[in-house]
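J.: Mind looking over this structure? Questions follow.
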Amino acid sequence: MTMRINLTLNGRPRTFSVQEHHTLLDALRDDLGLTGTKECCLVGECGACTVRLNDRIVDSCLVLAAEADGGDVVTVEGLAPEPGRLSPLQSAFLEKGAVQCGFCIPGQLMAGDDILRRYEHPTRHDIEEGLAGNLCRCACYYQIVEAVEAAAHGRAHEETQLVESAVVREMPPHVVDQ
Amino acid sequence: MRAFAYVRPGTLDEAVALLNEYGSDARVLAGGTDLIIRLRDRTLTPSVVVDIKRIPELAPSIERGDRLLRISAGTTMTDVCSDSIILESFPALAEAASVIGSVQIRNRATLVGNQTNASPAADTAPTLLVYGATLVVVGLHGERRVALDDFFVRSGVTTMQPGELVTAIEIPLPSAPQGSAFTRRTRRRGHDLASVTLAAAVGRDGSTRLAYGSVGPRPLVFSSDRGEPPLETWFASARPSPTSMRASPEYRTAMLRVLAHRALATARARLAAA
Amino acid sequence: MNGLDGVRAPGPLIGQPVARVGGEGRVTGANEYVADFHLPDELHVKLVTLPVAHARIIAIDPTATLAMPGVRCVFTAADVIAAAGEMPRFGPQFNDRPVIATGEAKYFGDPVAAVAAETRDLAEESARLVRVEYEQLPAVFTIAGALADDAPLVQEGTKTNVLRHHDIAWGEVAKATAELVVENTYHFPMVTQFAIEPHAFIAAPDGDGIAVWSSIQHPYWLQRILARVLRLPLAKVRVHAPDPGGAFGGKQHAKYEPLVAFMALKLGRPVRLVLSLEETFVAVRRTETEIRVRTGVNNDGTFAFQDIDADYLIGAYADIADRVVGKGSYIGNGPYNWPAARISARSILSHTVPSTAFRGFGNPQINWAVESNITEAALRLGMDPLELRLRNLASFGDKFVPFDTACDGQWGQAVRRVAELIGWDSPKPEGRGRGIALGIKSGPTTGLSYALVRLLADASALVYAGTSDMGQGARTIFAQMCASELGIPVERVSVVSGDTAVVPYDQQTSASRSTVLMGNAVVTASRQVREKLVALAGGDGAPTDELVRRALGRMGGEISAMGEARKDAQPDHPLGGSAAFFEFNATAVELSVDVETGDITVHKHATVSDVGRSINRLQVTMQDEGAAIMGLGHTIMEHYIFDADGRIRNLGAIDYRIPTSMDLPEEMLSDTIENGDGPGPYGAKGMSEGALLPVASAVAAAVRDATGVVVRDLPLSPENVWHALRQRDGQ
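Following this line, the structure appears as structure tokens:
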């Protein structure tokens, strides 16, 4: 069973057909040819499929394409202000070395972008929490957090804090479970 | 996943009619964070999925009435854990909602859905039990109310009848100062399914309410009027699964005590500050 | 090993945190991984497996599946045999693995059939309708089970499930004595790589040959295997290897590429197979290991002997796991001088997922045992665990493994630096514990890398280097090296990799070799280009742009050279060759334990690696920190959970936990020791695995320090720590 879907995708109105049982992730990757959003766990744990739907980030593997009908969708392909230019967050990711294999990065960017929209001055804890739904097995978490922080504070060119020649990364003390 | 038809009723009556027409062949889709997983692993194979998110009465809303706080079926965990009334009067609920999954999950998962799925590990269930929540259930018969404690039967099973859906949760606004807290045990700090969930509330009158989950087929709630709550008696009802991957029965039972101690301490501290 | 003629001073680009080559595509979503790539007219493949660990396949009935419109075939062993005349078998060590299960399914997840259909939905739906008649057989999936006298044998034609013994010894351990003997048994569970990109494979007929796309780390090795099983010349087998989305060893060796290749040739169309995350869990994993260590130490803190038995449970097919056992155990003693040692390791077959390479390659397991035992020895001697290690640490030039490469670094410097970073001698805050552990791994023992450098008429350059850039940043450092040697901006260098028809041969991307081997090849080629340029230009002494103008004149053209880096095999060596270098790491942690719940909070994690020379300091830091966090994963939360029948219960992301952004040490301090004493460009060594090796040992030592609790079986999950605490308290 198919249905016609209308939505705004990265700022452009789109109309297309989807299988009713397909997810938004399926539609983006297979029907719309936008492969920037990635497929990994398919159970809403890894965040590789994160997109923005109606102004909130979601795991697109857990959203039916049909549910996005009439909605507004932003994917990683929609983050750049224009072709050939990068957003401050994208630039910060590159400058802070937050990209290794890159497979989790589209999702991390969508989550990072969301943090920047929700907080004017996110703390490290806000950022940690906001990125908690995005797994990175290369584990460049510190660099990703720093990139979001740098973009938040417009400090994309600031040097990483160095202690002598060692690299020191600090996270806030953990809030211990009660 | 197996193909199904997607329908999107625009009114509550339409939704109820669809659910009655298809019975167990239909599933309600709200947040989808539970349903989609089950559709993919085929633990559920409905022929129709009924998306209730376009029904105006069910649109996300948290409304304070005279004596009740009413949370509609479309209200997400993100809405819940950022609502000022909930943060003020029902902090344990906000705490529970804030640890469910990730931002991405919380933006979709609904508070009502966390109850209707009837997972014993549902994080918000113990808090709603402690707060004495009621579910508003709508069917062909009209509307009825069910105390949450009477709603859960066992894992995946509630007292909802075929053709019904839950439209709202009602929580009695506290008439006297109370202190409450939520806590849980997980395998890592990052988001996880809980191996024990626990909520506690204490009142100036010396009353205690405590609920726990994930140590038996359904979350349980207990209350005592005054004095030291008989925790050991309350814990005796725990039936942790011997086959669970997440934690052993021995650990879960021990953690019940640790969590109760900690949650009560926090609840008491909050009461003192209130 | 041949490579560069002497270590030259690095140019200004070397060591710089140059922006990652390929970074832009990764932040815009434009970078294509295998699964992002589609061929016209492609078919979708879904694997069919059985819900048991071991079974005899009686019959496969495809009727219901084939009846679905759009299903093109149900491919089984019979189809492969029809095409090849017999069932081809392959594997990096032994040709033991059939292209698809034949006669028996030998592990939970072993594919018995593969369906090809016009759409992904169809493939998934129709695969469920394939009826397999099978007889469940007894399975062995534990070390004890596989070694039992009456254990069913995993592979035909064997007498035991012990595949091989790996023995190394010196001194005479049997006669050795020591004033203190510490003897314990340790356990390291099965864990999986869990790259965020699941494996993906595409095959398509290509003229009279075949083209294959794979997330493979070793494209040329895959090419060789495909050529052999398909009976095609190498020149007719083209492997495209887009940068993998994380690999960690789990994408080194052929898995389902031969299968999809046979399917593509039979069907005459491209076929694509993208694994689900759950399917990757039953495709690749680390070996599970039980290690018995008997350590002899004298009261003055000098090491006397080390006596180790290590049993590694490998899977139903050897893959590279036997090599993991051999190489991991070989240096199991660690970076110390031991007068006497005996290490006996066994690779033991089982009806489980074929284990394969995984960052650390057999070393993390043995490190877990050996370093924990050394910590215990220190405690029982009343000695500082740092001091005990320093006292016995190999010095530069020591033949700490008598018949192998001598100690090649100032390891004491790294150890002292990590102690400094963690504040080892400073007073400990209340309730906290500290632990220290050292890790060592042999680099590559053989190697062969070719690099082609082409300097173009506008003084930009192309580097063809077959290394797989799976996140470690290989392209970036090759661009830096080439740019540095040619005297051009790094932005003017493009690195081409991932196509065996275009890029010259590279043996493999593993063992942290690529900085050294491919790096040497790139630098050699770049220097040869530079020499030719200078000769053609009639002398040096001008910027490269100008030299190129002079050299190429009006006709333009290009100047190219091929560089080679080779480390020849030494057939008499137990590992086939001595280590090109060692990866050495010192790790220290400071943590506290919630004694009521068993939760560990790592307050500080310090890691120092001896890297020779950072080509790109930022990338080195990221590799070390990433390895450290990955190590925390297997230390605290990762393990396969089996049921009584040998089936894995926690497939997928919900019940297999890996570290998230919320699970990080509060403070991570990383540093490098760079003495330019490596065999790679500018004195570089390889790195990326070292920082993972001693994490578990350091954490367990800190837990012991904080609580007195000893844990010898990983993971140190909250529940496991809690149990150990109760045992400590006699409950």
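Protein chains in written order, with my numbering: chain A, 200 to 377; chain B, 153 to 426; chain C, 604 to 1334. Glycine included, C-beta positions come from ideal geometry on N, C-alpha and C.
#1: With DSSP run on the structure shown, which of helix, strand or coil describes C/Phe797?
#2: Please list the residues of the stretch 256 to 274 of chain B that have a C-beta atom closer than 8 Å to any C-beta atom in chain A, keeping them in chain order.
#3: Could you work out which residue in C/Gln909, C/Ala1294, C/Lys1135 and C/Ala1191 is closest to C/Val1021 when comparing CA atoms only?
#4: Going along the stretch 324 to 351 of chain B in order, which residues come within less than 9 Å of chain C, judged by CB to CB distance?
#5: Provide the residue span of the beta strand (DSSP E) that contains C/Val896, from first to last.
#6: A/Leu285 touches chain C at which residues, Cβ-Cβ below 9 Å?
#7: Grouping DSSP H, G and I as helix and E and B as strand, with all else coil, what is C/Pro861?
#8: Short of 7 Å in beta carbon distance, which residues of its chain neighbour A/Met309, apart from the five on each side in sequence? Order them along the chain.
#9: In the DSSP assignment, what residue or residues form a beta bridge with C/Pro701?
#10: To the nearest angstrom, how far is it from the Cα of A/Cys337 to the Cα of C/Met1225?
#11: Three-state secondary structure (DSSP) at C/Ile1203?
#12: Determine the burial state of C/Met1158: buried for a count of at least 16 other Cβ atoms within 10 Å of its Cβ, exposed for fewer.
#13: Name, please, each residue of chain A whose Cβ falls closer than 9 Å to the Cβ of B/Gly284.
#14: Could you please tell me which residues of the stretch 184 to 203 of chain B, in chain order, have their CB closer than 8 Å to any CB of chain A?
#15: Would you grab the beta carbon distance between C/Ser1113 and C/Gln820 for me? Rounded to a whole angstrom, and I think it's under 8 Å.
#16: Hey, is B/Ala424's beta-carbon within less than 7 Å of any beta-carbon in chain C?
#17: Applying the criterion that 16 or more other CB atoms from any shown protein chain within 10 Å of the CB defines a buried residue, is C/Asp579 buried or exposed?
#18: Since I believe B/Thr262 is in contact with B/Gly315 (beta carbons under 8 Å), could you give me their beta-carbon distance rounded to a whole number of angstroms?
#19: List, from N- to C-terminal side, the alpha helix (DSSP H) runs of 4 residues or more that fit wholly inside the stretch 913 to 967 of chain C.
#20: Identify the continuous beta strand (DSSP E) that holds C/Ile813 and give its terminal residues.
#21: Report the residue from C/Pro1318, C/Pro1321 and C/Val1313 whose alpha carbon sits nearest the alpha carbon of C/Gln1330.
#22: Between the stretch 333 to 355 of chain A and chain C, which residues of the former have CB atoms less than 8 Å from a CB of the latter, in chain order?
#23: Using 8 Å for Cβ pairs, my map puts C/Ile1336 next to C/Phe1187. What's the rounded Cβ distance?
#24: If we count Cβ pairs, one from each stretch, closer than 8 Å, do we get three or more for the stretch 313 to 332 of chain B versus the stretch 283 to 293 of chain B?
#25: Starting from C/Phe804, follow its DSSP beta bridges and name the residues at the other end.
#26: Could you check the C-alpha separation between A/Glu328 and C/Ser1264 for me, to the nearest Å?
#27: Alpha carbon to alpha carbon, how far is C/Asp1316 from B/Gly358?
#28: C/Gln1222 lies in the alpha helix (DSSP H); which residues open and close that run?
#29: Which value, in whole angstroms, describes the spacing of the CA atoms of A/Glu297 and A/Arg228?
#30: Quick one: grab the DSSP three-state call for C/Pro1284.
#31: Locate the alpha helix (DSSP H) running through C/Lys1135, then write down its first and last residues.
#32: Can you tell me whether A/Gly306 is helix, strand or coil according to DSSP?
#33: Taking beta-carbon pairs under 7 Å, can you tell me which members of the stretch 1255 to 1289 of chain C lie near chain A?
#34: Output needed in chain order: residues of the stretch 376 to 400 of chain B with a Cβ under 8 Å from some Cβ in chain C.
#35: With C-beta atoms as the reference, is C/Ala960 less than 7 Å away from C/Ile923?
#36: For B/Thr341, count the other beta carbons within 10 Å of its own beta carbon; 16 or more makes it buried, fewer makes it exposed. Which is it?
T.: With the structure as the only source:
#1: coil
#2: Gln256, Ile257, Asn259 and Arg260
#3: C/Ala1191
#4: Arg337, Thr338, Arg339, Arg340, Arg341, Gly342, His343, Asp344, Leu345 and Ser347
#5: Glu891 to Val900
#6: Glu627, Val630 and Thr631
#7: helix
#8: Thr249, Val250, Arg251, Ile256 and Val275
#9: C/Arg692
#10: 8 Å
#11: strand
#12: exposed
#13: Correct list: empty, because the minimum Cβ distance to chain A is about 22 Å.
#14: Gly184, Thr185, Ile188, Ile189, Leu191, Arg192, Val201 and Asp203
#15: 7 Å
#16: no
#17: Here chain C has residues from 604 to 1334 only, and residue 579 of chain C is not among them.
#18: No, B/Gly315 and B/Thr262 are not in contact; Cβ-Cβ is about 20 Å, not under 8 Å.
#19: 924 to 933
#20: Gly812 to Ser817
#21: C/Val1313
#22: Asn333, Leu334, Cys335, Arg336, Cys337, Ala338, Cys339, Tyr340, Tyr341, Gln342, Ile343 and Val344
#23: Nothing about residue 1336 of chain C can be reported from this structure: the residues present for chain C run from 604 to 1334 only.
#24: yes
#25: C/Ser817 and C/Leu876
#26: 8 Å
#27: 46 Å
#28: Arg1220 to Ile1239
#29: It should be pointed out that residue 297 of chain A corresponds to Ala in this sequence rather than to Glu. Approximately 24 Å, taken between the alpha carbons.
#30: helix
#31: Leu1120 to Ala1140
#32: helix
#33: Gly1255, Ala1256, Ile1257, Ile1261, Pro1262, Thr1263, Ser1264, Met1265, Leu1267, Glu1269, Glu1270, Met1271, Leu1272, Ser1273 and Asp1274
#34: Met397, Arg398, Ala399 and Ser400
#35: yes
#36: Checking the displayed sequence, the identity of residue 341 of chain B turns out to be Arg instead of Thr. Classification for B/Arg341: buried.
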